[in-house]
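Under this note's numbering, the first residue of the first sequence is numbered 1, with each subsequent residue one higher. Don't be surprised by glycine CBs; every beta carbon is placed ideally from N, CA and C. Down below is the structure, laid out as structure tokens.
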Amino acid sequence: MSDEIFGLADCNNFYVSCERVFDPSLEERPVVVLSNNDGCVIARSNEAKAMGIPMGAPAFKYREYFQKYGITVFSSNYTLYDNMSERVMSILADSAPFIEVYSIDEAFLDFSSLKRFHMPSFCRDIREKIRSWTGIPVSIGTGRTKTLAKIANRIAKKDKSTGGIFNMERYCENDLDMILAVIDVGDIWGIGKKYAQFLRKSNINTAKDLKYTPDEWILKYLTVEGLRTTTELRGRICIPFREKRPARKQLVVSRSFGKDVTDLEEISESVSEFASRAAEKLRKEGLTASSIAVFIQTNPFRNDPQYHNISSIKLPAGTSYTPEIVQTAILLLKKIFRSGYSYKKSGVIFSEIGKTDTRQMGLFEKNKNIDRHQDLMRTIDTINTEMGKNYIRPAITLNRHRWEMKSSFRSSRYTTNWDELPSVRICHDENEK
DNA sequence: TCTGGGGTCCTAGGACCC
DNA sequence: TCTGGGGTCCTAGGACCC
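Listed below in structure tokens is the structure:
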């Protein structure tokens, strides 16, 4: 058994909590946040969960329900959420010897150097600090492996009596089994819908059941990933801390359109826009890509004729040069575009990604050209950073039409945009008048 | 009228080579 | 009449995560 202790700090209903920070009147009231394009529900307050709104619920089916029961609805506001996330993560980084940011609202923490009996009060301090400095409520779970810390976190979140902290490494094997016996197999990190269904059919219903299932069986039906999860349930580490963020392998920018799009020109605009965004991202991370793919698809929820296709090309050398990328993307699009369909979504996928400084030169490339291109992109990126996104961009993306996504209920970018700072309401005392 | 977006890993099967 | 076997690489598809 390892001496290591993994912590998992997870923000409660993160997007909803971000919105509440800037509108405290929403506390204890049902709130939901919608996905891009106001498509479906991706975050729910506890009150909204209690009212039976499922994760991923299509917004249009619940519109009346939202109104009838006074549920507050927000479009997603990633500018705000990213910024709030950074604040939470920096507090966590100061609180533990090592943190691994796992997603926008979660981080694993290395608590191995801490004395076991200090854990509860230590976690409580972190939780309170984050709450009072950022306004975001977090739950913290700890355990001997990441998988156990995930379960502990779940308990901390679900069971009010824990006060948002649950330290699983404090329990002996027997007690641990009793805890695992009430965890549904589908609630284990790494066991998704399909596997959960399959496991239940095989009469493996709880985390404890899975823990005591033989390796060979797991390996046969759940592959090595499933075996890793099971081994972690037994308290042996299979998923260690990631010291460094692993190098990116692909980069995708895609969106559903606000309205269906039928003609090539409009789709070209969207593809150019996404290609240009993706190129920007590459440069920001000091990367280049040498494989580019473009895909388009119709709306699978409709009864219309369906079509989806993808086309990709390998470039002679890695690039992050917007004009080249946009041009290539349009070429690819033209290869797969068929008229007569109503398109709902397009996207650009970069792969074979490498670092700009170790990039291999194409056989017929001239050094001078590359330098000129890099200078130009650097200049444009700098201008866009200072003057605002999209100040300079490819002409083809200038028209913004039907494909623009919907975002009808977006809150302000309170923390990152001068024009959208929260308005300060000064309340005068009656006596002062 | 209206159903998100961005990632990773693993496996099976085909192509190809010797 | 007889028609190998093993290795590698690539891709598509399926599973998972948030």
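Leucine 331 burial status per 10 Å Cβ neighbour count (16 or more: buried)
exposed
Please report the distance separating the alpha-carbon of threonine 385 from that of glutamate 280.
11 Å
Can the beta-carbon of leucine 436 be found closer than 9 Å to that of valine 185?
Beyond the ends of the chain as shown, which are 1 and 433, falls residue 436; an answer cannot be given.
In chain order, what residues of the same chain have a beta carbon less than 7 Å from the beta carbon of arginine 87, not counting five sequence neighbours either side?
Thr134
Got a sec? Which residues, its chain only, sit under 6 Å from asparagine 153 by beta carbon, not counting five neighbours each side?
Leu8, Asp10, Ser139 and Gly141
Tell me which residues share the same chain as alanine 107 and place their Cβ nearer than 7 Å to its Cβ, disregarding the 5 neighbours each side in the sequence.
Ala9, Met89, Leu92, Ile99, Glu100 and Val101
I'd like to confirm the pairing. Which residues does DSSP put opposite alanine 43 in its beta bridges?
Val33
Report the residue from Cys172, Leu282, Tyr321 and Ser256 whose alpha carbon sits nearest the alpha carbon of serine 342.
Ser256
Regarding valine 21 and the ligand ATP, is the C-beta to nearest heavy atom distance less than 8 Å?
The ligand ATP is not among the ligands present in this structure, which contains no ligands whatsoever.
If you reduce the DSSP assignment to three classes, tell me which class arginine 116 lands in.
helix
Does the beta-carbon of methionine 84 have 16 or more other beta-carbons within 10 angstroms, so that it is buried, or is it exposed?
buried
Three-state secondary structure (DSSP) of proline 246:
coil
Hey, how far is the Cα of valine 271 from the Cα of cysteine 172?
56 Å
Look at serine 339 and leucine 264 and say whether their C-beta atoms are less than 9 Å apart.
yes
Selected residue, minimal CA-CA separation from valine 33, among Ile5, Asn12 and Val73:
Val73
Applying the 10 Å Cβ sphere with the 16-neighbour rule, what's the burial state of phenylalanine 337?
buried
Limits of the unbroken beta strand (DSSP E) element including cysteine 11:
6-11
Taking 9 Å as the cut-off, decide whether the C-beta atoms of isoleucine 313 and serine 291 are in contact.
yes
If you draw a straight line from the alpha carbon of proline 316 to that of aspartate 357, how long is it in whole angstroms?
16 Å
Do you know how far the Cα of alanine 50 is from the Cα of valine 21?
21 Å
Specify the secondary structure class of serine 103 as computed by DSSP and reduced to three states.
strand
Whole-angstrom distance between glutamate 169 and glycine 143, CA atom to CA atom
5 Å
Would you call asparagine 505 buried or exposed, if buried means 16 or more other Cβ atoms sit within 10 Å of its Cβ?
Coverage of the chain is limited to positions 1 through 433, which leaves residue 505 absent and any answer about it impossible.
When the distance is taken between beta carbons, is threonine 288 closer than 9 Å to glycine 354?
yes
Can you round the beta-carbon distance between phenylalanine 409 and aspartate 38 to whole angstroms, since I take them to be within the 8 Å contact cut?
7 Å
Would you mind sorting tyrosine 195 into buried or exposed? The rule is 16 or more other CB atoms within 10 Å of its CB.
buried
In chain order, what residues of the same chain lie with their CB nearer than 6 Å to the CB of lysine 406, ignoring the 5 residues before and after it?
Asn37, Asp38 and Gly258
Lysine 355 lies in the beta strand (DSSP E); which residues open and close that run?
343-355
So, are the CB atoms of alanine 329 and alanine 275 less than 9 Å apart?
yes
Which residues in the same chain have their Cβ closer than 8 Å to the Cβ of isoleucine 392, if we skip the five residues on either side of it in sequence?
Ile380, Ile383 and Asn384
Between Met361, Gln327 and Ala278, which has its C-alpha nearest glycine 318's C-alpha?
Met361
Could you check whether lysine 129 and isoleucine 237 sit closer than 9 Å to each other, using their CB atoms as the reference points?
no
Contact set for isoleucine 42: own chain, Cβ-Cβ below 8 Å, skip 5 residues either direction
Tyr15, Val33, Leu34, Ser35, Met55, Gly56 and Ser76
Quick one: complete beta strand (DSSP E) runs, 3+ long, within the stretch 159-201?
165-167
If you draw a straight line from the C-alpha of proline 97 to the C-alpha of aspartate 110, how long is it?
6 Å
Just checking my contact of leucine 333 with serine 254 at CB under 8 Å: how many whole Å lie between their CB atoms?
That belief does not hold up - the Cβ atoms of leucine 333 and serine 254 are roughly 13 Å apart, past 8 Å.
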